[in-house]
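J.:
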Amino acid sequence: MTATLRPVLTLAAKDILLEARTKDVLLSVVVFGVVVLVVFNFALDITPALADRLAPGVLWVSFSFAGVLAMNRAFAAEKERGSLEGLLLCPVSGDVLFFGKMLGIFVFMLVVQAVLLPIYGIMFNFAGFTPGLALSVLLVTVGFAALGTLFAAIAVQTRSREIMLPILFFPIVAPTLIAAVETTTAAVNGEGILSSGRWYPLLAIFDAVFILVCPWVFRAVLEE
Amino acid sequence: MAPKLALLIVATALMLADLYLIFIWAPTDAIQGEVYRIIYFHVPLAWTAFLAFFLVLIGSIAFLWKRSQRWDAFAHSSAEIGVILATVVLITGIIWAKPVWGVWWAWEPKLTTTLVLWLIYVGYLVLRNNAPSPAQGARYAAVLGIIGFADVPIIYFATEWWRGQHPDLVVGPAAESGLIGSDIYTVLMFSVLTFTVLFALLLWQRFSLRVVEDEARELTYVAQRQGLFPD
Chain C
29 MTATLRPVLT
39 LAAKDILLEA
49 RTKDVLLSVV
59 VFGVVVLVVF
69 NFALDITPAL
79 ADRLAPGVLW
89 VSFSFAGVLA
99 MNRAFAAEKE
109 RGSLEGLLLC
119 PVSGDVLFFG
129 KMLGIFVFML
139 VVQAVLLPIY
149 GIMFNFAGFT
159 PGLALSVLLV
169 TVGFAALGTL
179 FAAIAVQTRS
189 REIMLPILFF
199 PIVAPTLIAA
209 VETTTAAVNG
219 EGILSSGRWY
229 PLLAIFDAVF
239 ILVCPWVFRA
249 VLEE
Chain R
52 MAPKLALLIV
62 ATALMLADLY
72 LIFIWAPTDA
82 IQGEVYRIIY
92 FHVPLAWTAF
102 LAFFLVLIGS
112 IAFLWKRSQR
122 WDAFAHSSAE
132 IGVILATVVL
142 ITGIIWAKPV
152 WGVWWAWEPK
162 LTTTLVLWLI
172 YVGYLVLRNN
182 APSPAQGARY
192 AAVLGIIGFA
202 DVPIIYFATE
212 WWRGQHPDLV
222 VGPAAESGLI
232 GSDIYTVLMF
242 SVLTFTVLFA
252 LLLWQRFSLR
262 VVEDEARELT
272 YVAQRQGLFP
282 D
């Protein structure tokens, strides 16, 4: 068990350390998240009355787009430095490579969300920092990280890499997005976790399915 | 007789019989009138599209397991036809929705699921085109073929429950109508059979074509290496 956990943590630590040193991707992704928020305010003219209804959707669009940017960057950097081949040379299984990258992306996205949530809270008069919201963010981010890691690894090796990831990613995570907005709406309206009955199990099942399937096919993606 | 020709004849015969049943034999619906007949295309096409995507899953798993180009050809052909079928499902759905529901589009669970599936498999074809080499394209597509189909039940339930929370989407007198009658059911089942046979024919043709394309590409490559063929 430690034999698998150690390399995973090492891989994730490498990515996190690299980012912590420069923070440039973090900053640009956070700024992008705020920009999306502003654009939506102009596009939808979100008055305080509408905010409760629209805020969850705007929040998750912003998180999704920012997340896709971050995932693209995570693998683009590896590709540019030629370290994808280096990863393959590591004497570890495809599972370890996958979970190492996924953990790095997961932590990164959590940090971005932690910075953006208070900003949204202020702009939309959020009262919703409930356990329900926290659980929702966690579960959805796990799903995003799993599928994002796999698809980013594919997309970065294709010709039109920036556009390929959103094309592949968004249709597959559609159920997660629906569940995310539903649970966030409930949280914003002050309802507890149990009132969003089926959405949390849906998120959990989604995560479970793709945590099982994605690592299995990851090595096939990295081969030359 | 060559098997492909036999299948072509059977498919043609079934389709002619089906067209007769759909347009002449099937009764007129009490509420929807004649426009309901589109169901005899819409539903069988949806079923065959779904079957096509399931076969993409089978082909993708077999390809990643055996690494045989034939399985890749099979998955690719099935995906292409599946996308065409899904496109027609969406178009017939839109055409049917306007007179019956009053709107061109509604985020109704089955339509939404079909749209998301369509996007996933269009992505499959786009990915193949954008891959750095055909071999890598085959591998990436196989991965997507597996992931995409694994997602189907989750997409269906998510859209079903989502729409359950916001049901106010269809308007018009026929919004709540169902179609009843055993004659309608009979024609529907026959249409499903007809379109499944048609799908089998299309898949076989496309698969054979793809195998020949692969051979042509290999021969071209060999000839180029020997300097016999202009680049």
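Order-wise, the sequence lines are chains C and R. Take 29 as the starting number for the first sequence in the working numbering and just add one per residue. Take 52 as the starting number for the second sequence in the working numbering and just add one per residue. Just so you know, even glycine gets a beta-carbon here, dropped at the ideal spot from N, CA and C. No experiment lies behind these values; they were computed from the predicted model shown.
1. Does the distance from the CB of residue 90(C) to the CB of residue 65(C) come in under 7 Å?
2. Measuring CA to CA, which of 49(C), 188(C), 55(C), 181(C) is closest to residue 140(C)?
3. Our contact map puts residue 190(R) next to residue 241(C) with C-beta atoms below 8 Å; I'd like the distance itself, whole angstroms only.
4. Cβ of residue 84(C) within 7 Å of Cβ of residue 204(C)?
5. Ordered along the chain, which non-local residues of its own chain (more than five positions away) have a Cβ less than 6 Å from that of residue 128(C)?
6. DSSP on residue 123(C), reduced to helix/strand/coil?
7. So what does DSSP say about residue 265(R), is it helix, strand or coil?
8. Under a three-way DSSP split, which group does residue 84(R) fall into?
9. How is residue 131(R) classed by DSSP in three states: helix, strand or coil?
10. With a threshold of 16 other CB atoms inside 10 Å of the CB of residue 95(R), please say whether the residue is buried or exposed.
11. Tell me, please, whether the CB atom of residue 254(C) is closer than 7 Å to any CB atom in chain R?
12. When the Cα atoms are used, what is the spatial distance from residue 228(R) to residue 142(R)?
13. What is the DSSP secondary structure of residue 118(C), counted as helix, strand or coil?
14. Quick check on this structure: which residue in 112(R), 64(R), 161(R) has the alpha carbon closest to the alpha carbon of residue 213(R)?
15. Is any beta-carbon of chain C found at less than 7 Å from that of residue 212(R)?
16. So, helix, strand or coil for residue 190(C), using DSSP?
17. Does DSSP put residue 184(R) in a helix, a strand or coil?
18. Taking residue 126(R) and residue 196(R) to be in contact with their CB atoms under 8 Å, please state how far apart those CB atoms are, rounded to whole angstroms.
19. Which stretch, first to last residue, makes up the alpha helix (DSSP H) that contains residue 211(C)?
20. From residue 234(C) to residue 226(C), what does the alpha carbon distance come to, in whole angstroms?
21. What in chain C is Cβ-close to residue 171(R), meaning under 7 Å?
22. Any chance you could list the alpha helix (DSSP H) runs of at least 4 consecutive residues sitting entirely within the stretch 157 to 192 of chain C, in chain order?
23. Does the pairing of the stretch 95 to 109 of chain R with the stretch 128 to 135 of chain R give three or more beta-carbon distances under 8 Å?
24. Suppose you measure from the CA of residue 116(C) to the CA of residue 186(C); what does that come to, to the nearest Å?
25. Pop quiz: residue 252(R) and residue 245(C) are said to be a contact at Cβ under 8 Å. What is the actual Cβ separation, rounded to whole angstroms?
26. Given that residue 191(R) touches chain B, what residues does it touch there, using C-beta distances under 7 Å?
27. Does the beta-carbon of residue 199(C) have 16 or more other beta-carbons within 10 angstroms, so that it is buried, or is it exposed?
28. Starting from the beta carbon of residue 224(C), find every residue of chain R whose beta carbon is closer than 7 Å, and list them in chain order.
29. Counting only beta-carbon atoms, is residue 134(R) nearer than 7 Å to chain C?
30. Enumerate in chain order the residues of its own chain whose CB-to-CB distance from residue 113(R) is below 6 Å, with the five nearest sequence positions on each side excluded.
31. Given this structure, state the Cα-to-Cα distance separating residue 50(C) from residue 43(C), to the nearest angstrom.
32. Taking the alpha-carbon positions, what's the residue 114(C) to residue 133(C) distance?
33. Residue 188(C) touches chain R at which residues, Cβ-Cβ below 9 Å?
34. Indicate whether at least one CB of chain C lies closer than 7 Å to the CB of residue 174(R).
35. Can you check whether the C-beta of residue 165(C) is within less than 7 Å of a C-beta belonging to chain R?
36. Start and end of the alpha helix (DSSP H) containing residue 256(C)?
T.: For this structure:
1. yes
2. 55(C)
3. Contact flag wrong, Cβ pair sits at about 15 Å.
4. no
5. 36, 39, 40
6. helix
7. helix
8. strand
9. helix
10. buried
11. The question about residue 254(C) has no answer here: the residues shown for chain C are numbered 29 through 252.
12. Unreliable positioning characterises residue 228(R) in this predicted model, as indicated by a pLDDT of 47, which lies under 50. A coordinate reading is not provided.
13. coil
14. 161(R)
15. yes
16. helix
17. coil
18. 6 Å
19. 202 to 216
20. 12 Å
21. 199, 200
22. 159 to 183
23. yes
24. 18 Å
25. In fact, because the Cβ distance is near 32 Å, the residues do not count as touching under 8 Å.
26. Although the question refers to chain B, the structure presented lacks it and instead comprises the protein chains C and R.
27. buried
28. What residue 224(C) touches in chain R: nothing, since even the nearest Cβ is about 10 Å away.
29. no
30. 122
31. 11 Å
32. 19 Å
33. 177, 181
34. yes
35. no
36. Chain C is shown only over 29 to 252; residue 256(C) falls outside these bounds and no answer can be derived.
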